Structure formats: structure tokens, C-alpha cells
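Residues in the sequence shown are numbered from 0 upward in steps of one, following numbering that gives the first Met the number 0.
Ideal Cβ placement from N, Cα and C applies to all residues, glycine included.
Note that this is a predicted model, so its numbers are computed, not measured.
See structure below.
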Amino acid sequence: MGLIPQTEDGRSTHYVIELVSSIIANLVQGELLQLDSILNHPQQQPADGPGAQPAPPPASFDDRLFAFYERKNYLKTASLIAKTSRATVLLSPAASTNRSLVEASYEYGKHLGLAFQIVDDILDYTGSDETLGKAANGSDLKAGLVTGPGLYAWKQHPEKFGELVARKFCRPGDLELVKPPLPPYPLSFFPGLSS
């Protein structure tokens, strides 16, 4: 925090320190929100072989899942970009003469962060470990996390995708069922991004 420059009034500096603290809190909240959503839906074992449990009923789609997805993405990704954008403007001379620039920088960062996360989630379905330099090929689904592309597919095919969600994509071949081509999903499914 000692690297944050002093402004003439000193108030902006204190506010920037609060922003940085809130970024860390948001990240932790987002991770806990995601972890809670995974832990509250234990993985079902495949219904193959003797003594296996029958397949669970398909999970029901709920439009509120999009709001949950957007909230999680804000907390884990967009908050960082939005609040650091705001802090940058607050520490500039422009902040004292153009307060609307402070809010515009926040909104820009928020939407950039949400868009970044959507692209990252799409790449989890379409990319490979080699091209991305990180685990892909449904790694979110393997962890029990249904992201934007999966939510859209679930909304379009509630019965079939709901079965996969209910059993957490644990059967051989489940992940291949949701590999491209997934239809492109419109931003209108994410109300915060379509405004």
C-alpha cells in the first residue's frame, strides 16, 4: 500500500486503499460462492455395474442461474478490473475535474471483466490444454461448475443437459456430449451485460 501516491486532499488515497481491500474481499466471496455451489451438489456415481445407484432425475433449469453466474463472475473477475480502473482515475488529476469519468471507468472495467470471464468459459468448452496453456476440455464441468455456455445449453435442452448436470458429467463420454458445436449464446441471457 506504500506505493499508492498521495493526492492533494488525501481522501482519494484512502478510498483507493478501501477499493483494494474490497477487491480481495470480493475475490474471496466469489470463491466461496463457487465452492458452495459445487459442495451443495455432490457428484453422483455412474449407474453402471452391480450395486450402482440409479441415475438421479434431471436437474431443473432455473433462469436465476444466469444471475448467479454473473454475480460470481463479478466477484471473481470483474470486480478486480472495475475497481482498479476506478482507482486509476481517482489517482489522476482528472478525478477532481470530471467525477463522471470515475464512474465510467468502473463500468468499463466491470463489463470488460464480465466479458473476459465469458470468453474464458467459452474457451473451456472449445480450447485445448495446448492452445490455452492451462487445463481446458470441460475442466469447469469436471469440477461440477456449469458456466455460461453450459447454462445456455441447459436452457435450450433442459431434459438432456439436466441429466448430465445431475450426475456431474461423471460418466465416460459425458463431456464429449457438450463439446462444440454449442450454439452461440446472446448477451441478452446476461442482463447486466446487455444494458
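By the C-beta density criterion, I117 is buried, having at least 16 other C-beta atoms within 10 angstroms. Fully enclosed beta strand (DSSP E) runs of no fewer than 3 residues are not present anywhere in the segment 73-120. Pairing I37 with A142 gives a Cβ-Cβ distance under 8 Å. A residue is called buried once 16 or more other Cβ atoms fall within 10 Å of its Cβ, and V164 is buried on that count. DSSP, reduced to helix, strand and coil, places K154 within a helical segment of the structure shown. In this structure, the beta-carbon distance from L64 to L150 falls below 8 Å.
Each of R170, E17, P171 and G29 was checked against the Cα of R85, and the nearest Cα belongs to E17. For T83 against G108, the beta-carbon gap comes to about 7 Å, under 8 Å, which counts as contact. Counted as a single uninterrupted DSSP element, the stretch harbouring T146 is not any alpha helix (DSSP H), since DSSP gives it neither H nor E. Annotation for S59: no alpha helix (DSSP H) segment contains it, and DSSP assigns it neither H nor E. The beta carbon of V88 lies closer than 6 Å to those of A94, L100, V101 and S104 in the same chain, with the five residues before and after it left out. Spanning the alpha carbons of L79 and A114 requires a straight line of approximately 13 Å. In this structure F168 touches G137 by the C-beta definition: roughly 7 Å separates them, less than 8 Å. Nearest C-alpha to V15 among F67, P57, L90 and D35: L90.
Within a 10 Å sphere around the beta-carbon of A66 sit fewer than 16 other beta-carbons, which makes this residue exposed.
In the three-state reduction of the DSSP assignment, K159 falls in the helix class, which pools H, G and I. T146 and D173 have their C-alpha atoms roughly 16 Å apart. For F168, the secondary structure class from DSSP, reduced to helix, strand or coil, is coil. Pairing D61 with G132, the inter-Cα distance amounts to about 33 Å.
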